[in-house]
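Chains A and B, in that order, are what the protein sequence lines are. Quick note on numbering: the working numbering labels position 516 of the first sequence as 516, and the sequence is numbered without any gaps. Quick note on numbering: the working numbering labels position 47 of the second sequence as 565, and the sequence is numbered without any gaps. The beta carbon of each residue, even a glycine, is placed where N, CA and C say it ideally should be. Here the structure is a predicted model, which is why all the values come from computation and not from measurement. What follows is a short report on a single structure.
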Amino acid sequence: MKKFCLYVLVIILILIQSVLSSAQDKLNLSGQTTLGYTFIDDNGKKTTTEEVFNIYSGLILENLSLQGLFRGNSTFELNLSSINKDNRTLFFSLKKPGRFSINSRCNQSRFLYDENGDFKSIRTISSVWGDYQITPFLKLKADYYHHLKKYDNKDYSVSQDEEEEENKQFFQSGGLGIQLKSGKRYLDLEYRLRSFDSEIKNLFNREGSRIKVVLNTPLPQNVYLSLSYLHDKNKLKKPDLNLTTDLYQGTAFYHPVKKVNLSAKFSFQRTEDRATSVISDIIRGGGEVGYKFYPGYDVNLGYQYERRKENEAVGINSYLAGLYFQLIPELSLKARYLFQKGKDPKDVTLTGPWDNEKVLVEVKSRPVKEINFKLRYEDKTRKNPDISTSTSDRGYVSFVSFSWRSWLEAQLNYYLLKVDCKNTVGNFRVNNYTLTSLATVKPWTRLTLSCGWNRIDLRKDLDIRKDGVVVGFDYSLRKDYSLQGKYEQYSYDDYILYSNFYGANVYRLSLTKRFGGI
Amino acid sequence: MNREHKQVFRILRLAVIFPLLLFFASKPIWSEKTGLSPDVELTSTCVGCHEGVDTLLAKTPHRLILSSDERRMGNSPAGCTDCHLNTEKHLEEPGIGNITNPSKVTSLENYEICTSCHSDPHSQDNPVSDVHSRNNVDCSTCHSVHHPKEKCLLLSSPNDLCLSCHQELSGKFFLVSHHPVTQKTILCIDCHKLSEPLEEPLSSSNINSECFSCHAEYQGPFPYEHGAVNDYTVEKEGCIYCHDPHGSPNPRLLKQPVGALCLNCHFVPKHQTAHGGIWAKKDCLECHVDIHGSYTDKNLFGEDLFGGSCFVYGCHVR
């Protein structure tokens, strides 16, 4: 993988060199580089705290960014960040506005599965995408995406020979597209190939393709139409198993008068398993009416039906009602109610018929210029009476932000969530509150101070406390230099499973040098 | 160097070299012939009063064209008056109220101004159907032409912008198991595509396809499927039926602990009696290993199980 990253880096450096040397126009360069040192002191089970999975003690190239602007408005950008032992991020782009662009991104990160870090996966995502505008109406697009997951553990190995063990999974996807555009008319055609190879279990190996066509167009009499077709194939490489999906979608919008808008949607999806000849059909249709009876006062009503057919029909009816009132410029109210009823007359599903309900009420206000606040209540319930199962999520959000001129910004977010799940055997209940806060102070031009505190508290069937504290500063030493420092503290305590605890102190110090005048 | 690396290099070479040749061989499509050039004289008049605007925009894709020479160089085709409409009165009697300020008009008007040039699917989201537009979140809520702070003229980093409205999610990304969004390993827009118009909130055909772009090993097709995994079957919702993609207090983003989650749909009385004693604390997934789908067994048992005591002593027959 190191060779691969080096290869990509060399290509990019050659590209930059070739752009710089061949550019006849004047070039303005700017950028910044940040070099830092990180020290982590931790104790306990690291897998409990995902925030520290990619933190290592030692030197780190936190950021190297370079932007170039040619006189003809062509640009290039190179950005390297978080370069240390197992993780890195790289971004490169070259653009000629109105004609051409190419972009590339590579990101590598680590995920831990055990406390010692012996069992981990390294995930590398690389992608290249670009487009070329042939005429004002016609654009070509291309992209390539590759995702490599490498598991560092012998349990995942299929080979008995340790030296030759292969624990990789490799997914890649490449697409070509044509986009035609004239005014607000738009036609998009895309062809995509993808494949997945696993060295852990080669039965997983498969390949697929996709054709997609999207047409959006305005029509006379304030009508807007969108049509799309998608053909998707998935095939296992070893067993003879094919899955084919065809999806047709159509949407229309109509403004008969300024205050009223109507929309209608329809879709048909057919998935066919060639091996068993089983066909699954999904038909959806619905409509929505919106009425603006006064500027800032909207109401809307909607209905959608869905039929799922695989041997026997399953039917779903959904109803929606919503309103948005801008009571005064500083105060708005939003409310939505969704009710869904699923029918399963022949007991095709294991869950039987079901009822879903969602309620949302939100009040936003800005009483004075410096203060914003938001209150939100949401309630989601799902009931399956035939199997005596129900789930309920009830959440309350309160958010306040405060800003004073340009030197103080603070925000506080409190989120209370009550989860209550019942089934025939028992219950699972969790009351969970989350508090996140962040404040930034700029006592004078050269210095910025920031601090934040996050707390998660889980009660009832779980008893977990998790805290995160961050304190930092940014001080401008001279015109082009600045010094940053940050202290982060994480703690995790499980009061039911006492072995699940973790504490970490992370210290970071970095120096940034800016250059260039644009 | 192994097979997949060679394949990647071949594609990378093509993907980089071919467009690079096009880059040097091409000129921007907007030229004096296309009639898309901005009004240079009017733009210069604006800059005459609004000092510093040209310097401010020089760092952005909306760099102003102030002379015919510059126009030939292929600068942005947008001038001041392409966004700030209704200039006649303002030219006669300069004032704040008699010219269009795109950040202070209605969502629909804001949309009309921006999409007169920007024609990609993201900017073409219909102002009536799009959930953001319906909630008065328009182009200028996230983008700023004059005072951008991030790439793509964004007012803040992409994740921060999303979380500034969706505050209930910022806590979820701090839960025990979560997608690494706050660590910026992935972005909100990696899953919530903004470039696919008039479609479901996540993707074109189904929600699962977004999950499978990273977690491809669970896609199948499988000879023995777990119905809840597939959103094309009579079950519904796919991956998010069991997993909460933003964050969860349970491992692997599960909405409930494993046993409780399975019991939501599967009430199997025999498991409670025959699997008493030392088996009572067993998680469902200890036997039903291939829970996303199996190539070998209709009960989604792991292959290793068949060599164990479950099938040897006659309790279970394969």
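Query, Result
"Contacting residues, own chain, Cβ-Cβ under 6 Å from residue 468 of chain A (five flanking each side not counted)", "454 and 490"
"Cα-Cα separation between residue 216 of chain A and residue 502 of chain A, rounded to whole angstroms", "53 Å"
"Burial state of residue 746 of chain B (16 or more Cβ within 10 Å)", "buried"
"Any chain A beta carbon closer than 8 Å to residue 755 of chain B", "no"
"Interfacial residues, the region 468-479 of chain A to chain B, with Cβ spacing under 8 Å", "468"
"Cutoff 8 Å: residue 397 of chain A Cβ touching any chain B Cβ", "yes"
"Exposed unless 16 or more other CB atoms sit within 10 angstroms - verdict on residue 351 of chain A", "buried"
"Members of the region 135-147 of chain A that neighbour chain B once the beta carbon cut-off is set at 8 Å", "135, 136, 142, 144, 145, 146 and 147"
"Chain B residues whose Cβ lies nearer than 7 Å to that of residue 431 of chain A", "Going along chain B, no residue has its Cβ under 7 Å from residue 431 of chain A, so there is no contact; the nearest lies around 11 Å."
"Residue interval of the beta strand (DSSP E) (run including residue 255 of chain A)", "242-257"
"With 16 other Cβ atoms within 10 Å as the buried cut-off, status of residue 277 of chain A", "exposed"
"Residues near residue 187 of chain A by beta carbon distance below 6 Å, same chain, minus five either side", "180 and 215"
"Distance between beta carbons of residue 815 of chain B and residue 742 of chain B, contact taken as under 8 Å", "6 Å"
"With 16 other Cβ atoms within 10 Å as the buried cut-off, status of residue 778 of chain B", "buried"
"Limits of the unbroken beta strand (DSSP E) element including residue 357 of chain A", "354-365"
"Under 7 Å from the C-beta of residue 819 of chain B: neighbouring residues of chain E", "Chain labels in this structure do not include chain E; the protein chains are A and B."
"Contact list for residue 581 of chain B against chain A, beta-carbon separation under 7 Å", "73"
"Neighbourhood of residue 53 of chain A by C-beta distance below 8 Å, restricted to the same chain and skipping five residues each side", "46, 109, 110, 111 and 112"
"Continuous beta strand (DSSP E) stretch holding residue 151 of chain A: start and end", "138-152"
"Reduced DSSP category for residue 569 of chain B - H, G, I as helix; E, B as strand; rest coil", "coil"
"Separation of residue 496 of chain A from residue 462 of chain A, as counted between CA atoms", "7 Å"
"Same chain, Cβ closer than 7 Å to residue 509 of chain A, neighbours up to 5 away in sequence not counted", "36, 37 and 485"
"8 Å Cβ cutoff, residue 726 of chain B in contact with chain A", "no"
"Three-state secondary structure assigned by DSSP to residue 91 of chain A", "strand"
"Residue 690 of chain B versus residue 560 of chain B - alpha carbon distance", "50 Å"
"8 Å Cβ shell around residue 300 of chain A - same chain, five flanking residues per side excluded", "288, 289, 290, 291, 320, 321, 322 and 323"
"Near the ligand ATP: residue 617 of chain B beta-carbon under 7 Å from a heavy atom", "Looking at this structure, you won't find the ligand ATP or any other ligand, since it has none at all."
"For residue 561 of chain B, the three-state DSSP class (helix, strand or coil)", "helix"
"Check whether residue 617 of chain B and residue 605 of chain B have beta carbons under 8 Å apart", "yes"
"CB contact check: residue 491 of chain A to chain B, cutoff 8 Å", "no"
"Cβ neighbours of residue 607 of chain B in the same chain (closer than 6 Å, five flanking residues each side left out)", "616"
"Per-residue burial, residue 801 of chain B [other beta carbons within 10 Å of its own, 16 or more giving buried]", "exposed"
"Residue 31 of chain A versus residue 669 of chain B - alpha carbon distance", "13 Å"
"Three-state secondary structure (DSSP) of residue 678 of chain B", "helix"
"Beta-carbon gap between residue 409 of chain A and residue 366 of chain A smaller than 8 Å", "no"
"CA-to-CA distance, residue 774 of chain B to residue 744 of chain B, given in whole angstroms", "18 Å"
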